[in-house]
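In UniProt numbering, the protein residues as written are 1 to 148.
In what follows, a single structure is set out as structure tokens and then discussed.
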Amino acid sequence: MRIAAHPGLYDVEADPPTLSGTTCMRCGRVYFPPMAIGCEACGASEAQLRPTPLAARGTIHALAQVHLHHGRPPAPFTIAEIQLDAGPLIRATLARDEEDPQITDSVSAIWIVTGTGDDGNEIVEPAFTTAPPATETADEAARNGGNS
Numbered sequence: 001m002r003i004a005a006h007p008g009l010y011d012v013e014a015d016p017p018t019l020s021g022t023t024c025m026r027c028g029r030v031y032f033p034p035m036a037i038g039c040e041a042c043g044a045s046e047a048q049l050r051p052t053p054l055a056a057r058g059t060i061h062a063l064a065q066v067h068l069h070h071g072r073p074p075a076p077f078t079i080a081e082i083q084l085d086a087g088p089l090i091r092a093t094l095a096r097d098e099e100d101p102q103i104t105d106s107v108s109a110i111w112i113v114t115g116t117g118d119d120g121n122e123i124v125e126p127a128f129t130t131a132p133p134a135t136e137t138a139d140e141a142a143r144n145g146g147n148s
């Protein structure tokens, strides 16, 4: 059994990883992390926001190599700004085995183990890895709100 390192941001039961977002039912804006106070785009109330699972897939827009960092993960590691296929622009960690990521590379998430819980279960979070663009299934299109 997996335990989320950051509960509420992703579905640990999904494989590949699925991010937990929200969609404004009035204007269609998609948010990650989930928005709970209303839509920034159109002003709709929080009652107009719906939970939306988002495929953890997108395109790298910017990269930064972290050389000094206290704690986990140990440096060096790479942070990327990723435009999700579903719409939101996020910052996320790239998997450590990525040798030469480039801006405009397609990426998708995999699970990485960040620790072990007191019960012996793996603590996981998604990390992105370069991958060829995937063909979206009808189920994934529905989870993405048809925004891909």
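Glycine included, C-beta positions come from ideal geometry on N, C-alpha and C.
Anyone know if the C-beta pair for Pro7 and Gly21 falls short of 8 Å?
no
Give the straight-line distance between the Cα atoms of Ser148 and Ala86, rounded to the nearest whole angstrom.
With a pLDDT of only 46 at Ser148, under the threshold of 50, the placement of this residue in the model should not be trusted; the figure read from the coordinates follows. Distance between the alpha carbons of Ser148 and Ala86 is about 5 Å.
Between the stretch 38-50 and the stretch 64-75, are three or more C-beta pairs nearer than 8 Å?
no
Out of curiosity, what's the CA-to-CA distance linking Met1 and Met25?
34 Å
Rounded to whole angstroms, what's the CA-CA distance from Leu68 to Ile123? Just pull it up for me.
23 Å
Does the separation of the CB atoms of Leu63 and Ala80 fall below 8 Å?
yes
Around the C-beta of Arg57, are 16 or more other C-beta atoms found within 10 angstroms, so that it is buried, or is it exposed?
buried
Could you give the C-beta distance for Ile112 and Glu98, rounded to a whole number, given that I count them as a contact under 8 Å?
Going by Cβ atoms, the distance from Ile112 to Glu98 rounds to 12 Å, so no, they are not a contact pair.
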